[in-house]
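Chains as they are written, first to last, in the working numbering: chain A, 1 to 204; chain B, 1001 to 1233.
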Amino acid sequence: MEQSRPEGQTRSSDKELMERFLRGEVEGFNLLVKNYKVRLFSLLYRLVGNREEAEDILQETFLRVYRQKESYDFNYSFSTWIYTIALNLCRNLYKRKKKIRFLGMDSLVNHPDPNSENHGNRNRLSLILERAISSLPFKYRTVFLLRDVDQLSYEEVASTLSLPLGTVKSRVNRARRILQKKLKPMMEECYELSKDSPLSISIL
Amino acid sequence: MSCRKIRRSLSRYYRGELAPQEEELIARHIRECKGCSKEAQSFLALKDAIQGLDRFAPSPAFESKLEQKIREFPSAEREPKVKSLFTVFSSLRWAFIPAAAMALALFLVLKGGFHKSQTISKKPETVTPTETSWVRTPTKSESLSTLAVGLQTNSGNIELPRKKKGSSKAVFVMDNLRLSDLEELPDSRMPEHGSPNFVIDAVNYRPVDNRQTNVGYILPAISTVSSKVRKVY
């Protein structure tokens, strides 16, 4: 049951890497780490709000891929599998702590991450956007980040989070509406928009 | 087409989801209408901002730390983790309470029923080992019913999937397993309360709610539990 995927070529190469890894070529695993470490770390960092914890979860995610490689089901995309592992670990952390410490966007905004790939290219909009995303409730933030930032398909998000497709769609829409509300004043000011601007952010 | 309708169509317009005539109409409108042009600009700015959100990289030492962890792993895999006596006792402590109560009751009955000179030759009843084993190892593509047939236990307390009429859900009840075992399973998400049941969509091999996990995890999980049960007792 193959999930639909936006980047078929990239994902099939993930499977090739996994096949190489299963044949005993560690290089396959190393390339998977290279391909996913920034993408997953960005997601985890935005979810848990703490570099060390995000890095711990990332490490555990890759360790599980390494240790449980035999359990990977080639009928599913690799990205769905690895995102599921990472998000389960994240959720476990959330359960343990009861209340996850969300990313303090102030710290992110005021002390830009030295490892950030496009450090220095921040503008006011992206800062406000980061703040708005960080203020989203956990469940809405997760789906928004997966769908609109990491650009997973709705089906992949549903599969990753083990949620019905309809629930994912409604959560994404809800997340967008919350962001819309938060961003509207700034957008109206910067772009001199009319008060009835729909400010559609269902853009992806 | 009104400005309001144009603005509401912007996302579909930029995704290329509109018919060519409609697309042309919107393009012309944006060129001519100042308000809608600003709206389009703000839309694109927001789109760029979302897609251009910073990507964060883990620390430079991440990969070497990961490599080190992996190097530590093979030895751990060769020598399966043996539970300490304390851990075993601790995980069985609740089983001892009814066992102790029964032993005490048995003792009192026997004490009352026999002469003092009569010795009790019968040893206290020991906990029956529970063994779970695969008749044969199932593959991931096997149906759940095959999987269930493949799973047997000598104490008979693993129920086979129950499939209700008209329902695609099958329920694995694995109530012979301790919750503590299940909690240790990789990536398993157990219900917080109640018995540790796995609920799986029998047709699609998909979890029926977000607390459970998919069959890709269930199979290795069951294997892990099986070996763990043998190991603990």
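Beta carbons are placed, not taken as given, at the ideal position from N, Cα and C, and that holds for glycine.
{"query": "7 Å Cβ cutoff met for A:Pro58 and A:Phe41", "result": "The sequence shown places Leu at residue 58 of chain A, not Pro. In this structure, A:Phe41 lies closer than 7 Å to A:Leu58 by Cβ."}
{"query": "Where A:Leu163 sits in the DSSP three-state scheme", "result": "coil"}
{"query": "Minimum Cβ-Cβ distance from A:Val38 to chain B less than 7 Å", "result": "yes"}
{"query": "With 16 other Cβ atoms within 10 Å as the buried cut-off, status of B:Ala1027", "result": "exposed"}
{"query": "Within 7 Å, strictly: CB atoms of A:Leu145 and A:Arg46", "result": "yes"}
{"query": "Separation of A:Thr61 from A:Arg82, as counted between CA atoms", "result": "Looking at the sequence shown, residue 82 of chain A is not Arg but Ile. Computed Cα separation, rounded: 7 Å."}
{"query": "Any chain B beta carbon closer than 7 Å to A:Ser126", "result": "yes"}
{"query": "Contacting residues, own chain, Cβ-Cβ under 7 Å from A:Tyr36 (five flanking each side not counted)", "result": "Ile82"}
{"query": "CB contact check: B:Pro1020 to chain A, cutoff 7 Å", "result": "no"}
{"query": "Spatially closest choice to B:Arg1015 from B:Ala1061, B:Ala1101, B:Lys1047, by CA coordinates", "result": "B:Lys1047"}
{"query": "B:Ala1040 vs B:Ile1030 beta-carbon contact at 7 Å", "result": "yes"}
{"query": "B:Leu1010 and B:Phe1043 closer than 7 Å at C-beta", "result": "yes"}
{"query": "Residue-chain proximity (B:Lys1069, chain A), Cβ-Cβ < 7 Å", "result": "yes"}
{"query": "Neighbour flag for B:Ile1006 against chain A, beta carbons, 7 Å", "result": "no"}
{"query": "Local Cβ density within 10 Å of A:Arg171, reported as buried at 16 or more and exposed below that", "result": "buried"}
{"query": "B:Asp1209 burial status per 10 Å Cβ neighbour count (16 or more: buried)", "result": "Only weak support exists for where B:Asp1209 lies, its pLDDT of 37 falling under 50; the value from the coordinates is given anyway. That one is exposed."}
{"query": "Residue-chain proximity (B:Ile1050, chain A), Cβ-Cβ < 7 Å", "result": "yes"}
{"query": "Distance between A:Ala175 and B:Lys1038 (C-alpha atoms, nearest Å)", "result": "24 Å"}
{"query": "Interface flag, A:Ile203 vs chain B, CB-CB below 7 Å", "result": "Since pLDDT at A:Ile203 reaches only 47, below the 50 mark, its modelled position is unreliable, and the value read off the structure follows with that caveat. By this cut-off, A:Ile203 is an interface position."}
{"query": "Between the CA atoms of A:Arg141 and B:Leu1018 - distance to the nearest angstrom", "result": "29 Å"}
{"query": "Run of the alpha helix (DSSP H) containing A:Asp73, from where it starts to where it stops", "result": "That residue, A:Asp73, is in no alpha helix (DSSP H); it is neither H nor E in DSSP."}
{"query": "Where B:Met1001 falls, given that 16 or more other Cβ within 10 Å makes a residue buried", "result": "exposed"}
{"query": "8 Å CB neighbourhood of B:Arg1007 in its chain, flanking five on each side removed", "result": "Cys1036, Glu1039"}
{"query": "Any C-beta of chain A under 7 Å from that of B:Ala1027", "result": "no"}
{"query": "A:Val48 versus A:Leu179, A:Asn92, A:Arg124, A:Val149, residue with shortest Cα-Cα distance", "result": "A:Asn92"}
{"query": "Interface partners of A:Glu55 on chain B, CB under 9 Å", "result": "Pro1058, Ser1059, Phe1062, Lys1065"}
{"query": "B:Asp1054 in three-state terms, based on DSSP", "result": "coil"}
{"query": "Closer than 7 Å to chain B by CB, A:Met187", "result": "yes"}
{"query": "Span separating the alpha-carbon of A:Gly166 from that of A:Leu89", "result": "24 Å"}
{"query": "Proximity below 7 Å, CB of A:Tyr154 to CB of A:Lys139", "result": "no"}
{"query": "Selection of the region 135 to 150 of chain A by Cβ proximity to chain B, strictly under 7 Å", "result": "Asp148, Val149"}
{"query": "Environment of B:Asn1104 [buried if 16+ CB atoms lie within 10 Å]", "result": "The sequence as given places Leu at residue 1104 of chain B; Asn does not occur at that position. B:Leu1104 comes out exposed."}
{"query": "Straight-line Cα distance separating A:Arg147 from A:Arg124", "result": "23 Å"}
{"query": "When A:Glu156, A:Val143, A:Pro185 are compared against A:Leu44, the one with the closest alpha-carbon", "result": "A:Val143"}
{"query": "Cβ of B:Ser1002 within 7 Å of any chain A Cβ", "result": "no"}
{"query": "Rounded separation between A:Ala86 and A:Pro185 - CA only", "result": "35 Å"}
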